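Working notes for the structure below.
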């Protein structure tokens, strides 16, 4: 007997209907939904949200990041800083160069997207005569790894012998590991506070006229987890009927990286807050957000596998995980503060046409990209940068965090 179809819920309320995927994409989503449905039925009718999110994003060949959906750029669902302008990578090179010199000339990038950041970084480091001996790309998606390979073969063909792809973490990490918009896509626990009790939220099924659909429902909550939710609610004065996320995969990943790091640094760029802002009592609906064809919305069950599902980063949790595993919290600041401290505006000045009257379309695009990266109303304040180090000289000055550090706000 065939399973009834999973139907997508109506478009999120309060906005225009979202674009409909074509029939091939819909079939891809239905295949993933069948896998999620099987997991729910095998678990007795309910799975925690973290399991649903993990399947929706990373189920082999079907999840958003492990499947073939076009994710990045104008034709995808969102645009990242490195996609906007090569100046992002050139500025990042200024930050990591002294770290590579003080540790080991090995560079690792987690989740390299289209490969543009890798290409821009390698070109910038080559121009500075600071090329790493090895550039590892940690990539779980075979489709993305192939896309990265094609881009880098075209951009830096003479450096391909230095580039290696990894499908799992190495046992030993040295030098610098960079992660741009990696933490926000790690599965989170979804929890709810109501009537003085904390509950874990998950995913179950609801029968509708023409099939079934996924719905969010409370499920088993261990006494330890309930107490943790209660402690957060008390400390941050949550009102009744408060939904939020508890990031567990991200800090666990940081702890693993820290344990395997012998000497060097983790540099992570993402959108998020320190904990006191993450759990602000007015943020009653949490930070969970989905991205589909450059439209942001809060509905995680809209065509699973075809959209990104994210949550903001609790940077206090990231700092604590690194510190508890033996790393130093060397820097934390806004993206705007980091970029300006690391010399973005100086690099921009070198791109300016000699004759200001002869403005080119490329120069206009570059200016617009830099404005987006720095503007408080766009990515400048919204995104943060954290630097965790191990075994580096205490006197080492790292561009990006010399004047802009706000670690005290964590």
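In the working numbering, the protein residues as written are 204 to 613.
Using N, Cα and C, we set each Cβ at its ideal position, and we do this for glycine too.
Here the structure is a predicted model, which is why all the values come from computation and not from measurement.
Whole-Å CB distance - residue i paired with residue j, under 8 Å assumed
i, j, result
"residue 296", "residue 324", "6 Å"
"residue 403", "residue 421", "7 Å"
"residue 595", "residue 468", "7 Å"
"residue 601", "residue 301", "6 Å"
"residue 346", "residue 270", "7 Å"
"residue 333", "residue 303", "7 Å"
Residue i versus residue j: straight-line alpha-carbon distance, rounded
i, j, result
"residue 437", "residue 609", "26 Å"
"residue 317", "residue 288", "13 Å"
"residue 598", "residue 550", "25 Å"
"residue 603", "residue 482", "27 Å"
"residue 570", "residue 558", "16 Å"
"residue 312", "residue 425", "36 Å"
"residue 366", "residue 348", "12 Å"
"residue 319", "residue 400", "46 Å"
"residue 510", "residue 326", "32 Å"
"residue 306", "residue 379", "8 Å"
"residue 232", "residue 329", "42 Å"
"residue 419", "residue 497", "25 Å"
"residue 506", "residue 439", "34 Å"
"residue 441", "residue 362", "52 Å"
"residue 221", "residue 493", "12 Å"
"residue 490", "residue 430", "22 Å"
"residue 572", "residue 387", "22 Å"
"residue 454", "residue 375", "19 Å"
"residue 582", "residue 428", "34 Å"
"residue 592", "residue 477", "19 Å"
"residue 382", "residue 336", "19 Å"
"residue 456", "residue 414", "38 Å"
"residue 353", "residue 322", "11 Å"
"residue 451", "residue 234", "28 Å"
"residue 435", "residue 391", "16 Å"
"residue 518", "residue 504", "27 Å"
"residue 174", "residue 529", "Past the boundaries of the shown model lies residue 174; the chain is included only from 204 to 613, so the question cannot be answered."
"residue 248", "residue 240", "9 Å"
"residue 495", "residue 605", "37 Å"
Assigned secondary structure, residue i (DSSP; H/G/I helix, E/B strand, else coil)
i, result
"residue 268", "coil"
"residue 568", "helix"
"residue 320", "helix"
"residue 405", "strand"
"residue 605", "coil"
"residue 595", "coil"
"residue 590", "strand"
"residue 221", "coil"
"residue 235", "helix"
"residue 613", "coil"
"residue 328", "helix"
"residue 341", "strand"
Residue i at chain D interface by Cβ criterion, 8 Å
i, result
"residue 434", "Protein chain content of the structure displayed is limited to a single chain, and chain D is not contained in it."
*Which full runs of the alpha helix (DSSP H) of 4+ residues lie inside the stretch 432 to 505, going along the chain?*
Within the stretch 432 to 505, the complete alpha helix (DSSP H) runs of at least 4 residues are 452 to 463, 478 to 481.
*Report the residue ranges of all beta strand (DSSP E) runs contained in full by the stretch 282 to 317; include only those spanning at least 3 residues, in chain order.*
The stretch 282 to 317 contains these whole beta strand (DSSP E) runs: 309 to 313.
*Please list the segments of the alpha helix (DSSP H) lying wholly inside the stretch 500 to 563, counting only runs of 4 or more residues, in order along the chain.*
Those alpha helix (DSSP H) runs which fall completely within the stretch 500 to 563 and span 4+ residues are 518 to 527, 538 to 544, 547 to 554.
*Given 8 Å as the limit, is there contact between the stretch 386 to 401 and the stretch 443 to 450, that is, 3 or more CB pairs closer than that?*
Touching, yes, given that three or more Cβ pairs across the two stretches are closer than 8 Å.
*Should the stretch 290 to 304 be called in touch with the stretch 528 to 548, which here means at least 3 C-beta pairs below 8 Å?*
Short answer: they touch.
_Cβ pair count under 8 Å reaching 3, the stretch 340 to 352 against the stretch 407 to 421_ = No, the stretch 340 to 352 does not touch the stretch 407 to 421.
*Taking three-plus beta-carbon pairs below 8 Å as touching, is the stretch 505 to 525 in contact with the stretch 450 to 466?*
Contact between the stretch 505 to 525 and the stretch 450 to 466 is present, because at least three Cβ pairs lie under 8 Å.
_Runs of 4 residues minimum, wholly inside the stretch 346 to 432: which ones carry the alpha helix (DSSP H) assignment?_
The alpha helix (DSSP H) runs lying completely inside the stretch 346 to 432 and spanning 4 residues or more number zero.
_Could you check whether the stretch 257 to 269 touches the stretch 530 to 538, counting it as contact only if at least three pairs of C-beta atoms, one from each stretch, sit closer than 8 Å?_
The stretch 530 to 538 and the stretch 257 to 269 do not touch, with fewer than three beta-carbon pairs separated by less than 8 Å.
*Any contact of the stretch 468 to 477 with the stretch 575 to 588, i.e. 3+ C-beta pairs under 8 Å?*
Short answer: they touch.
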